[in-house]
Amino acid sequence: MCGIVGYIGYKQAYPVVIKGLKRLEYRGYDSSGVALLNDNKLNVYKKKGRVSELEELMIGKDVSATVGIGHTRWATHGEPSDRNAHPHQSASGRLAMIHNGIIENYAPIKQELLKKGYEFKSETDTEVLLNFIEDIQINNQCSLEEALRIALKRITGAYCILLLDKEDPETIIAARKGSPLVIGIGKGEHFLASDASPFIEYTKEVVYVNDYELAIVKPEELVLKNLGNEKITPFVQELDMELAAIEKGGYDHFMLKEIFEQPSTIFDCLRGRLDAAAGTITMSGIEENIIQLVNAQRILIVACGTSWHAGLVAEYIIEELCRIPVEVEYASEFRYRNPIINPGDVIIAISQSGETADTLVALEKAKENGAFIFGVVNAVGSSIARISHAGAYTHAGPEIGVASTKAFTGQLAVLMMMALKIAKAKATISDERYLMLLSELASVPEKIELILSRSEEMSAIAEKYLDASDFLFLGRGYNFPVALEGALKLKEISYIHAEGYPAAEMKHGPIALVDSSLPVVFIATNDVYHEKIISNMQEIKARKGQIISIITDGDDVTPSLSDDYFSIPAIDEVIAPILSVVPLQLLSYYVGTMKGIDVDKPRNLAKSVTVE
Ligand code: AGP
């Protein structure tokens, strides 16, 4: 996954592009670069490292131009380096291009070009594609746009590309398949980017480019075409994302801001949908497909990472409330197995970014096999949202921190409403329990607020266990996936090894790890498993393990077994994961920051894994 920015208009392009690249650094930041086109002068500057290092390189350079493209990279082909950074220039030096995605058949194309005498400055698939385009244009004596169309028909893989031609300083040509591209519509100017954050302060009028579409962009004109060279009418949408939603809003990190946003993001997610007083849940994506959902023989949930954990929570809830068999699949495994997909199967795809390559390809495969796909996605207009037959957005707003927090609780809220609607339609839930759970779900924003008001307690706990080299997270039932999520949060932003397990599973191996140096986090909120959890805690205590427990307000048993504990407001066990995860998010945030780690951009990770 990489970040793409382009500008064409009457302003100086460089300030717009470089600021946009900083907004997109969460998408990849191992190198960056810009190409600036002024009259017939094309300058390319690029550098390994963060965008700030590119800025230093730019000091004193000729940046006068009203057309520019910029790129932040997360390496796929070729290690992070100056020469592998984008933009790339064609052999003649006439073309410059940036690319987000993977050209899967670049190797044979490169061989063809090498035989023709082409030389390559980088190890990237992007440079191969660029020279392939130029070679086609030279041999076919055609326009650059036509050469691009021909090339795109011959490649396989994913791409979002922006292309400049030194001989046409009035145009940016763009194309996408499998990697996001949104165009901002200005007056006498246009903006192009991987998402809207680079240009949100300039315009809220946007066009999402679809797969297999080309955009020919001039200061005053945007033309969309398909690969068959047929014009497409751009569908202009009004963005509801504010710039403030992008900035850190006074918090030290996006991650902390996003943890503290959860009362409002859950409120936004429920707004217009859940009316506890009226006992209704309104979700058109479900209502319009309720027959399909009610009659589902099986529900397959496909996702990655934290979204996969949300799927596990949904499995417990849907099976309990709706009595429909649920299987939760890692998308990366599902896409390469030969999975059995029957008509009547419903696939729920869960994704914050809506661009995760493994999830996207798994869905394409399932769709080919006739499955009905329901997307639970955060990024509006994203690829997974658009490949789904129906769906529901989590409305968590842009999640900039690499570690997913508010998107996770938003996913849970949507999935809980979905399960309740299906159970109600199937009459597999009593009216009394249905109304009680609606009321519990409606109380979540204020209960998260209460948890966050005591965040300093988690900071103190974090400080105490900062130097541990390993953690165990244990939970049962609905809280077992929360244990997995707590472990993932800790390891991905503090680099401390952590594992999540069903608490009872501990006796089948992990208990061998227990000694006085091992902190064990129990999610021990009041539910049907509580007595069993207490037994598990006693087993850990007997082996000198250190116990941190997440308990329910008023629990006066568990604290006596705990070295440290944090209590959350009482709530029904079905809804509890939305609350019990919050202290674990805080724990990982405080441990990571106390260890001096940039928790918004942890090493080796990127926010959206748009390559496999
Ligand atoms: C979670 O904190 C990670 N950033 C990662 O596991 C993420 O959940 C996963 O890559 C899936 O991303 P998606 O939800 O955008 O599809």
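Per the numbering used here: the sequence shown = residues 22 to 633. Where is the CB? At the ideal position from N, CA and C, for every residue including glycine. Please read these numbers as outputs of a predicted model, since none were measured by experiment.
Annotation: the segment 331–381 contains the following complete segments of the beta strand (DSSP E) (minimum length 3 residues), in chain order: 347–351, 366–372. If you look at Pro523, you'll find it in the beta strand (DSSP E) that goes 518–523.
Residue ranges of uninterrupted beta strand (DSSP E) with 3 or more members are absent from the segment 141–167; none lies entirely inside it. Relative to Leu165, the option among Pro419, Glu155, Tyr357 whose CA is nearest is Glu155. Fully contained in the segment 182–225 are the following beta strand (DSSP E) runs of length 3 or more, in chain order: 193–198, 203–206, 211–214.
Here Ile307 is near Phe395, since their CB atoms are less than 9 Å apart. When DSSP states are grouped into helix, strand and coil, Gln567 belongs to the strand group. Annotation for Gly138: no beta strand (DSSP E) segment contains it, and DSSP assigns it neither H nor E. One thing to note: Ile544 has its Cβ no nearer than 9 Å to the Cβ of Gly575. The alpha carbon of Tyr351 has as its nearest neighbour, out of Ile157, Leu458, Ile368, Ile338, the alpha carbon of Ile368. One residue list follows from the rule of a beta carbon closer than 7 Å to any heavy atom of ligand 1, given in chain order as Ala324, Cys325, Gly326, Thr327, Ser328, Ile371, Ser372, Gln373, Ser374, Gly375, Glu376, Thr377, Thr380, Val423, Ala424, Ser425, Ala428, Leu509, Lys510, Glu513, Leu626, Lys628, Ser629, Val630. The DSSP-derived three-state label of Lys239 is coil. Here the C-alpha atom of Ser285 lies approximately 22 Å from the C-alpha atom of Lys628. The alpha-carbon of Arg454 is positioned some 10 Å away from that of Ser460.
In the pairwise beta carbon analysis, the segment 279–294 is classified as not touching the segment 381–390: fewer than three pairs are separated by under 8 Å. Comparing alpha-carbon positions, the option among Leu456, Thr546, Ile482, Ile311 lying closest to Gly498 turns out to be Thr546. Under a 10 Å Cβ-count criterion, Gly205 is classified as buried, with 16 or more other Cβ atoms of the shown protein chains found around its own Cβ. Annotation: the continuous beta strand (DSSP E) that includes Gly122 extends over 116–124.
Separation of Ala406 and Lys187 (C-alpha to C-alpha, rounded to the nearest whole angstrom) is 36 Å.
For the options Pro346, Gly332, Thr327, Ala297, the alpha carbon positioned closest to that of Val315 is the one of Pro346. Counting along the chain, the unbroken beta strand (DSSP E) around Asp491 starts and ends at 491–496. Comparing alpha-carbon positions, the option among Leu58, Ala448, Ala106 lying closest to Leu75 turns out to be Ala106.
Excluding its 5 nearest sequence neighbours in each direction, Tyr357 has no C-beta neighbour in its own chain below 8 Å.
Gln110 is bridged by DSSP to Ala117. In the three-state reduction of the DSSP assignment, Tyr233 falls in the coil class. Distance from the CA of Gln33 to the CA of Thr426, rounded to the nearest whole angstrom, comes to 37 Å. Beta bridge pairing from DSSP links Ile253 with Leu245.
Under the DSSP assignment, Lys40 falls in the alpha helix (DSSP H) whose first and last residues are 34–44. In the structure shown, Ile394 adopts extended strand secondary structure according to DSSP, grouped into three states. Contact between the segment 223–239 and the segment 57–75 is not established, with fewer than three Cβ pairs separated by less than 8 Å. Of the residues Ile599, Ile182, Leu245, the one whose Cα lies closest to the Cα of Ala463 is Ile599.
For Gly306, the secondary structure class from DSSP, reduced to helix, strand or coil, is helix. Going by DSSP, Ser53 is part of the beta strand (DSSP E) stretching over 52–59.
The three-state reading of DSSP puts Ser588 in strand, counting E and B together.
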